[in-house]
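*Asks:*
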Amino acid sequence: MADIESLLKEKRVFKPSPEFRKQANWNKKDVREFRKSGEKPERFWAKMAKENLDWFTPWKKALEWKAPNAKWFAGGKLNVSYNCVDRHANSWRKNKAAIIWEGEPGDTRVITYGELHREVQQFSNVLKSLGVKKGDRVALYMPMVPELAIAMLACTRIGAPHSIVFGGFSAESLRDRINDAGAKVVVTADGGYRRGEPFALKPMVDEACEATPTIQAIVTVKRTGEPTAMKDGRDVWWHDAMATASAKCPPAKLDAEHPLFILYTSGTTGKPKGILHTTGGYLTHVTTTAKAIFDLKDEDVYWCTADIGWITGHSYVVYGILANGATTVMYEGTPTHPGPDRFWDIIERWGVTIFYTAPTAIRTFIRLGDEHPKGHDLSSLRLLGSVGEPINPEAWIWYNKVIGNRKCPIVDTWWQTETGGIMITPLPGAVDTKPGSATLTFPGVHAAILDEDGNEVKPPDGGLLAITKPWPGMLRGIWGDKKRFKETYWSKWKGTYFPGDGAHRDKDGYFWIMGRIDDVMNISGHRIGTMEVESALVSHDDVAEAAVVGRPDEITGTAIVAFVTPRGGINADEAMKKTLLGHVTKEIGAIAKPKEIRFTDALPKTRSGKIMRRLLRDIAEGKESVGDTTTLEDYSVVAKLRADDD
Ligand code: PRX
49 MADIESLLKE KRVFKPSPEF RKQANWNKKD VREFRKSGEK PERFWAKMAK ENLDWFTPWK
109 KALEWKAPNA KWFAGGKLNV SYNCVDRHAN SWRKNKAAII WEGEPGDTRV ITYGELHREV
169 QQFSNVLKSL GVKKGDRVAL YMPMVPELAI AMLACTRIGA PHSIVFGGFS AESLRDRIND
229 AGAKVVVTAD GGYRRGEPFA LKPMVDEACE ATPTIQAIVT VKRTGEPTAM KDGRDVWWHD
289 AMATASAKCP PAKLDAEHPL FILYTSGTTG KPKGILHTTG GYLTHVTTTA KAIFDLKDED
349 VYWCTADIGW ITGHSYVVYG ILANGATTVM YEGTPTHPGP DRFWDIIERW GVTIFYTAPT
409 AIRTFIRLGD EHPKGHDLSS LRLLGSVGEP INPEAWIWYN KVIGNRKCPI VDTWWQTETG
469 GIMITPLPGA VDTKPGSATL TFPGVHAAIL DEDGNEVKPP DGGLLAITKP WPGMLRGIWG
529 DKKRFKETYW SKWKGTYFPG DGAHRDKDGY FWIMGRIDDV MNISGHRIGT MEVESALVSH
589 DDVAEAAVVG RPDEITGTAI VAFVTPRGGI NADEAMKKTL LGHVTKEIGA IAKPKEIRFT
649 DALPKTRSGK IMRRLLRDIA EGKESVGDTT TLEDYSVVAK LRADDD
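Numbering of the sequence shown is given in my numbering, commencing with residue 49 and proceeding in unit increments.
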């Protein structure tokens, strides 16, 4: 509630400039009209699907909805790679840049739609030659190189759902994801570059594939040229396979509900969920939102800084952007290499016009100092976006002033891996913005603030964010786990989707997202489940028990704090902390490494044995507990933890 109070004090309103409004893809009138038709979501989205995509066969019915199962455009046939590549390669856009890629060492590649067309078809044939058929899963574990986008599009061309595993995840995480999806092939690279150094990926794949019975082949892109072991009969180099592959592969005519990809995300248990997205609805959602929210034009140079390993990269580095025939920038490395101005340098050199990044990055840049952006000509920019976590008003204002020179609208976009595309957002030529608010729902999307019982909460009180009607990009399930799908998202209220975020609305109906209300943390805009980190910690032989909580952090939004009870006879010292950090990195990946580990003889529990995380959260934040502690079994545990804190 304190957060809500402070945000409510934010009274500044920014109107779209007349110049921006005049040229916007969607003006106020369009938005009014679309909102009206969006009252019946299927009416609005069917119009968008027709207008923005090419279909081989029209659908029979725009929406079949029997909660929690939706079918969008069923019976309609289309192909994602055809929509993202062929239709542009067959037009005047043939020699237009589809991908502008920059490697961290400074090497660059510009890939036109014509070239992309050729390479996607070739790689589709490579996949086929490795035995990949329609419906087979392909795991992609790669750095940010163009081959990742090519591999994704090739999968969609032949109807093989991809499962991208972020390159920062460990071999163990990769193995679990490969096995859960039952992937047949892995595409990877020898490595990539980060902070000026090459890092290896292929050895992690080798380690993962020691226990992945479904994997038949591994394709490896040569990126760093570091020595890399290859196993005869299983491993092939990307360039060798491509050299002999034909550049003709007709796109498969796939049903709109054909599985497009699985993307794993953290939940409230130790096991990540394989979020399943399908073809027609998803592509309609991301293509329409990209065009309207980013105001994409043919002249634009669009750059989203997300890694393709996350949903933002899927939807708004690749699919939504290429489907519009736009130019997408892909950058391989860290934002601060070789200097703190790398991003601004990229914007200046390529003439980036639309820039989409995360609040964590913005807060980092604020700390690094204004001289870095100010040392570059950023006048090409015309629109800015934010995603992944709530943006604090101070960061918003800085973004507007220092990066946008007060002339760029900011679109603060709320959505999730599960929603597929943006749900709550300003429309830059039509909606006034307020720093810290994601503003209003996109036309055809319906959200509300509800209490536990499903009653609407009156502004300005806080409650649970709810999506009350189906939308085309919605997840169709959790891979292999119908029960968890129903329980996680559809059991709180009847027929209404529960995203797991707290939020409130102001008197103008604007949404203010307050963050996760479940045991999922948002670290630098990436979701990590507390249970996942806990399971990793307790899997270490020297750990008896562990509890993990998030505490607010100025830069990363949330920082992970772990309370660990070592087994008897184990020295709880710095060396042990180091061992545990290494262990979590090995089990999950470096992004899940706790910022702080605190050793304790015991954890505060209720009489029924449940760990009282709320108390631990207060302790991690150095706050006095105000909540009820009457269910606490042994108060001395808390007293001791607090004493350790001093
Ligand atoms: O808590 C919300 C936060 O990120 C969560 C979704 O995480 P993920 O599936 O990894 O997708 C991130 C990129 C779409 C949400 O439940 N979140 C995302 N965008 C915003 C946000 N919180 C506040 N404002 C946003 N704009």
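Just so it is clear, CB atoms sit at the ideal spot from N, CA and C, and this is done for glycine as well.
Please specify which runs of the alpha helix (DSSP H), each continuous and at least 4 residues long, are wholly inside the stretch 161-241, giving them in chain order.
*Replies:* Taking only runs of at least 4 residues, the alpha helix (DSSP H) segments lying wholly in the stretch 161-241 are 161-177, 194-206 and 219-229.
*Asks:* In angstroms with no decimal places, state the Cα-to-Cα distance between F217 and I636.
*Replies:* In a straight line, the C-alpha of F217 is about 6 Å away from that of I636.
*Asks:* Do L311 and T465 come within 9 Å of each other at the CB atom, strictly closer than that value?
*Replies:* Closer than 9 Å, so yes.
*Asks:* Answer with buried or exposed for M200, where buried requires no fewer than 16 other C-beta atoms within 10 angstroms of its C-beta.
*Replies:* Buried is the call here.
*Asks:* Note the first and the last residue of the continuous beta strand (DSSP E) segment covering P246.
*Replies:* Segment E245 to A248, the beta strand (DSSP E) holding P246.
*Asks:* Taking contact to mean 3 or more Cβ pairs, one atom from each stretch, closer than 8 Å, check whether the stretch 541-550 and the stretch 506-518 are in contact.
*Replies:* Yes: the two stretches touch, three or more of their Cβ pairs being nearer than 8 Å.
*Asks:* L308: which of A229, K653 and S139 sits nearest, CA to CA?
*Replies:* The shortest Cα separation from L308 among A229, K653 and S139 belongs to A229.
*Asks:* N448: beta carbon under 8 Å from a heavy atom of the ligand PRX?
*Replies:* Because no heavy atom of the ligand PRX lies under 8 Å away, the Cβ of N448 does not count as near it: no.
*Asks:* Count the other C-beta atoms from every protein chain shown that fall within 10 angstroms of the C-beta of T654, then say buried if there are 16 or more, exposed otherwise.
*Replies:* Exposed: under 16 other Cβ atoms inside 10 Å.
*Asks:* Taking 8 Å as the cut-off, does the CB of D589 come closer than this to any heavy atom belonging to the ligand PRX?
*Replies:* For the ligand PRX, not one heavy atom lies less than 8 Å from the Cβ of D589.
*Asks:* Can you give the beta carbon distance from A289 to V267, rounded, assuming they're within the 8 Å contact cut?
*Replies:* Rounded, the Cβ-Cβ distance is 6 Å, consistent with contact.
*Asks:* Starting from I576, trace the beta strand (DSSP E) in both directions and tell me its first and last residue.
*Replies:* Where I576 is concerned, the enclosing beta strand (DSSP E) stretches over H574 to G577.
*Asks:* Closer than 7 Å by C-beta to R157: which residues in its own chain qualify, once you throw out the five before and the five after it? Chain order, please.
*Replies:* Closer than 7 Å at the Cβ level, and outside the excluded window around R157, lie W149 and P194.
*Asks:* Do you know how far the Cα of W140 is from the Cα of S314?
*Replies:* Taking the straight line from one Cα to the other gives about 42 Å.
*Asks:* Specify which residues have a beta carbon nearer than 7 Å to any heavy atom of the ligand PRX, listing them in chain order.
*Replies:* Cβ-based neighbours of the ligand PRX within the cut-off: T313, W358, I359, T360, S434, V435, G436, E437, P438, I439, D460, T461, W462, W463, Q464, T465, E466, A486, P547, G548, D549, I561, G563, R564, N570, G573, H574 and R575.
*Asks:* Among D418, T375 and V284, which residue has its Cα nearest to the Cα of P388?
*Replies:* For the residues D418, T375 and V284, the minimum Cα distance to P388 belongs to D418.
*Asks:* Can you look up I266 in the DSSP assignment and give me helix, strand or coil?
*Replies:* It is a strand residue.
*Asks:* Thinking I451 and P421 are a contact (beta carbons under 8 Å), I'd like their distance in whole angstroms, please.
*Replies:* About 6 Å; that satisfies the 8 Å criterion.
*Asks:* Please specify which runs of the alpha helix (DSSP H), each continuous and at least 4 residues long, are wholly inside the stretch 485-559, giving them in chain order.
*Replies:* Qualifying alpha helix (DSSP H) stretches, in chain order: 530-538.
*Asks:* Excluding five sequence neighbours on each side, which residues of the same chain lie with their C-beta closer than 6 Å to the C-beta of K671?
*Replies:* Closer than 6 Å at Cβ, skipping near neighbours: no residue.
*Asks:* Could you tell me if D501 is buried or exposed, where buried requires 16 or more neighbouring beta carbons within 10 angstroms of its beta carbon?
*Replies:* D501 should be labelled exposed.
*Asks:* Return the chain-ordered list of same chain residues with a C-beta closer than 8 Å to the C-beta of T332, the five sequence neighbours on each side being excluded.
*Replies:* Result list for T332: W93, M96, A97, N100, L101, W120, F121, P520 and G521, in chain order.
*Asks:* Can you name, in chain order, every residue of its own chain whose Cβ lies under 8 Å from the Cβ of P407, other than the five neighbours on each side?
*Replies:* Cβ neighbours of P407 beyond the five flanking positions: S434, G436, E437, P438, I439, N440, A443, G573 and G605.
*Asks:* Using a Cβ-Cβ cut-off of 6 Å (strictly less than) and excluding sequence neighbours within five positions of K63, which residues of its own chain qualify?
*Replies:* D480.
*Asks:* Can you name the start and end residues of the beta strand (DSSP E) that M569 belongs to?
*Replies:* Here the beta strand (DSSP E) through M569 covers V568 to I571.
*Asks:* Take W113 as the anchor and find which of N127, E90 and K641 has the nearest alpha-carbon.
*Replies:* Taking only the C-alpha atoms, the option nearest W113 is E90.
*Asks:* Use the C-beta contact count for E504: other C-beta atoms within 10 angstroms, 16 or more gives buried, fewer gives exposed.
*Replies:* With fewer than 16 Cβ atoms within 10 Å of its Cβ, E504 is classed as exposed.
*Asks:* Just to confirm my understanding: we take A687, look at its own chain, exclude 5 residues before and 5 after, and list those with CB closer than 8 Å. What are they?
*Replies:* Cβ within range, chain order: n/a, list empty.
*Asks:* If you draw a straight line from the C-alpha of D393 to the C-alpha of A219, how long is it?
*Replies:* Approximately 34 Å, taken between the alpha carbons.
*Asks:* Look at D529 and L431 and say whether their C-beta atoms are less than 9 Å apart.
*Replies:* No, Cβ-Cβ distance for D529 and L431 is not below 9 Å.
*Asks:* So, using beta-carbon positions, are A237 and R271 closer together than 9 Å?
*Replies:* Yes.
*Asks:* Straight-line CA distance for I147 to K182?
*Replies:* Rounded to the nearest angstrom, the two C-alpha atoms are 27 Å apart.
*Asks:* Got a sec? Which residues, its chain only, sit under 7 Å from G548 by beta carbon, not counting five neighbours each side?
*Replies:* These residues qualify, in order along the chain: R564, I565, D566 and V568.
*Asks:* Ignore the nearest five residues each way along the sequence and tell me which others in H631's own chain have a CB closer than 6 Å to its CB.
*Replies:* Closer than 6 Å at Cβ, skipping near neighbours: H588.
*Asks:* Report the rounded CA-to-CA distance for K339 versus T627, giving the unit in angstroms.
*Replies:* Going from the Cα of K339 to the Cα of T627 covers about 48 Å.
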